[in-house]
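A.B. asks:
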Amino acid sequence: MNHRNSVSPRIGKTPDLNSPSISHPKPFQQAPLNVEPSTLISLAASVLFAVALCFCRPGVALAGSENLAAVAPCLLSKCQLPLAKCILNPSCAADLTCVIGCAGRPDESSCQINCGNFLENDAVVEFNACALSAKKCVPQRPDKGPVPGDASWDPVKGRYPVPPPESVTDDFEVAKMTGRWYITAGLNPLFDTFDCQVHFFEGMAPKDNSPGRLVGKINWRINEVDGEFISRSTVQSFVQTKPGLLENHGNEYLHYQDDWYVLDHADEDDPEMGFVLIYYRGQNDAWAGYGGGTLYTRAKTVPPQILDRVREATAKAKVPFDKFWKVTDNSCPVEGDPKKLRVLYAERLVQQAEMRAEEQLTRLARKTISKVDKEEKEIAQAAQRLEKMTEKFVKEELKVTEKAIEDEELA
Numbered sequence: 066m067n068h069r070n071s072v073s074p075r076i077g078k079t080p081d082l083n084s085p086s087i088s089h090p091k092p093f094q095q096a097p098l099n100v101e102p103s104t105l106i107s108l109a110a111s112v113l114f115a116v117a118l119c120f121c122r123p124g125v126a127l128a129g130s131e132n133l134a135a136v137a138p139c140l141l142s143k144c145q146l147p148l149a150k151c152i153l154n155p156s157c158a159a160d161l162t163c164v165i166g167c168a169g170r171p172d173e174s175s176c177q178i179n180c181g182n183f184l185e186n187d188a189v190v191e192f193n194a195c196a197l198s199a200k201k202c203v204p205q206r207p208d209k210g211p212v213p214g215d216a217s218w219d220p221v222k223g224r225y226p227v228p229p230p231e232s233v234t235d236d237f238e239v240a241k242m243t244g245r246w247y248i249t250a251g252l253n254p255l256f257d258t259f260d261c262q263v264h265f266f267e268g269m270a271p272k273d274n275s276p277g278r279l280v281g282k283i284n285w286r287i288n289e290v291d292g293e294f295i296s297r298s299t300v301q302s303f304v305q306t307k308p309g310l311l312e313n314h315g316n317e318y319l320h321y322q323d324d325w326y327v328l329d330h331a332d333e334d335d336p337e338m339g340f341v342l343i344y345y346r347g348q349n350d351a352w353a354g355y356g357g358g359t360l361y362t363r364a365k366t367v368p369p370q371i372l373d374r375v376r377e378a379t380a381k382a383k384v385p386f387d388k389f390w391k392v393t394d395n396s397c398p399v400e401g402d403p404k405k406l407r408v409l410y411a412e413r414l415v416q417q418a419e420m421r422a423e424e425q426l427t428r429l430a431r432k433t434i435s436k437v438d439k440e441e442k443e444i445a446q447a448a449q450r451l452e453k454m455t456e457k458f459v460k461e462e463l464k465v466t467e468k469a470i471e472d473e474e475l476a
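Everything in the sequence shown is counted per this note's numbering, starting at 66 for the first residue and increasing by one.
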């Protein structure tokens, strides 16, 4: 649930699913903020104006639904300090400089997309919080458009309303979600259909007056053109408000929230047949009504025996499996056919070029760590156990990879 191409440092050819968020390399030291306010404002205005001119060019991918030039007065009057901090932050400043440098190039759109990849740093988060959440310089994308079942609906451009009540299970035991799960099929290409997604969960059954809870360590891998990849991870926590509804609310960044609806599940303890089918919808300060779906299985691939149930469940939710869902590849190969990878890379660039700003911000928001109440020791302890579970899995995967390399060398 992700993710963009990257010009960030590579992890290499060995999976590191426990890696922290990756940011751009720091070519120089952080500039001190002991600059005169008038100088900061002047600098911010100059850079924003240059970026606005760049973004206003026809066909620029990151222009989004709201032209930057139209919101610049609000940013300059209400978000001066966050913008100035962004400019003085090596990673954020490098991205702004990169974007400006793309102007007029034949590959201007793809150049700017690559500049904007992996902006998860404090300066960008603070700037977005001001521009979208605190001062609302950029309007929220409304929850409007076709819904599942309409002829014009599709997983990327359509709305994700609350699914029909009869499509949601009423007997899901959250504690059975504990352990390792793979996403073997996804609904929304913006968030769900990336290969090599392995998630670790710890479910806590309801007790006394406390609802059930679910804490998840979510990992995924982004393939690069040359067959290498970047690994990413985040932590999310949910409250089971109904048997088939898990809510992830109370997040500070963009005030994002996700609601997971369990469409079907079975044999959760079976390493070969266990599955949980999720439909989700969410909102944040940039976009109301985004959504998608994920098929979690214990096995790395979709067990053929569960497909009839999956098809029936997705049909009830009006998002039929064979029409809209895509099966993922969790074999996580260390190499690939360069020609095929280049084609996939080009397709991804085209897809991102069509993404609006609120879609890219939603990707970023859904990757940030969920707010966990410090007083809830059980949640914090669960996150620590998931970390250890992830480390164990990574070590096992490394052994398999190393053995495969040795076998190739001996062959």
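Using N, Cα and C, we set each Cβ at its ideal position, and we do this for glycine too.
Among C261, G309, P204, N274, which has the Cα closest to the Cα of A353?
C.D. replies: Here the closest residue by C-alpha is P204.
A.B. asks: If I'm right that G358 touches G251 with Cβ under 8 Å, what's the distance once you round it to whole angstroms?
C.D. replies: 7 Å between Cβ atoms; contact.
A.B. asks: For a quick check, are the C-beta atoms of Y345 and D329 less than 8 Å apart?
C.D. replies: Cβ atoms of Y345 and D329: not closer than 8 Å.
A.B. asks: From what residue to what residue does the alpha helix (DSSP H) around F389 run?
C.D. replies: It spans 386 to 389 - the alpha helix (DSSP H) in which F389 sits, taken as one unbroken run.
A.B. asks: Measure the alpha-carbon distance for H320 versus A380 and round it to whole angstroms.
C.D. replies: Going from the Cα of H320 to the Cα of A380 covers about 31 Å.
A.B. asks: Since E238 and A188 are thought to touch, with beta carbons under 8 Å apart, how far apart are those beta carbons, to the nearest angstrom?
C.D. replies: So it is not a contact: roughly 43 Å between Cβ atoms.
A.B. asks: Counting pairs of beta carbons, one from the stretch 363 to 375 and one from the stretch 265 to 280, are three or more of them closer than 8 Å?
C.D. replies: Contact between the stretch 363 to 375 and the stretch 265 to 280 is absent, because fewer than three Cβ pairs lie under 8 Å.
A.B. asks: Determine, using beta carbons only, whether F259 and G281 come nearer to each other than 8 Å.
C.D. replies: Their beta carbons are not under 8 Å apart, which means F259 does not touch G281 by this criterion.
A.B. asks: Can you give me the C-alpha to C-alpha distance between P90 and V300, rounded to a whole angstrom?
C.D. replies: Unreliable positioning characterises P90 in this predicted model, as indicated by a pLDDT of 33, which lies under 50. The coordinate reading is nonetheless provided below. Their backbone Cα atoms lie some 24 Å apart in a straight line.
A.B. asks: Can you give me the Cβ contacts of E333 inside the same chain, cut-off strictly under 6 Å, excluding the 5 residues immediately before and after it?
C.D. replies: Hits under 6 Å: K241, G339.
A.B. asks: Quick check on DSSP: helix, strand or coil for M338?
C.D. replies: Of the three classes helix, strand and coil, the one that applies to M338 here is coil, per DSSP.
A.B. asks: Look at the alpha carbon of D350 and the alpha carbon of H314, and state the distance between them as a whole number of angstroms.
C.D. replies: Each residue's Cα considered, the two are about 13 Å apart.
A.B. asks: Determine whether the beta carbon atoms of G210 and G223 lie at a separation below 8 Å.
C.D. replies: Their beta carbons are under 8 Å apart, which means G210 touches G223 by this criterion.
A.B. asks: How many angstroms separate the CA atom of P254 from the CA atom of P220?
C.D. replies: Approximately 7 Å between the Cα atoms of the pair.
A.B. asks: Identify, in the order they occur along the chain, each residue of the same chain with its Cβ nearer than 6 Å to the Cβ of Q305, setting aside the five sequence neighbours on each side.
C.D. replies: Here the set comprises V239, P276, G277, L311.
A.B. asks: Tell me whether the beta-carbon of G347 lies closer than 8 Å to the beta-carbon of Q370.
C.D. replies: No. Outside cutoff.
A.B. asks: Taking the alpha-carbon of I480 as reference, which of F256, K307, G356 has the nearest alpha-carbon?
C.D. replies: Examination of residue 480 is not possible in this model, given that the chain is present from 66 through 476 alone.
A.B. asks: DSSP three-state label for T393, please.
C.D. replies: In this structure, T393 counts as coil in the three-state DSSP scheme.
A.B. asks: If you drop the 5 nearest sequence neighbours on each side, which residues of the same chain put their C-beta closer than 8 Å to that of V384?
C.D. replies: Excluding sequence neighbours, V384 sits near P213, P220, L252, Y344, G358, W390.
A.B. asks: If you check the beta carbons only, do L146 and T249 fall under 8 Å apart?
C.D. replies: No.
A.B. asks: Whose C-alpha, out of D472, P308, K150, E471, is nearest the C-alpha of P230?
C.D. replies: Considering only alpha carbons, the answer is P308.
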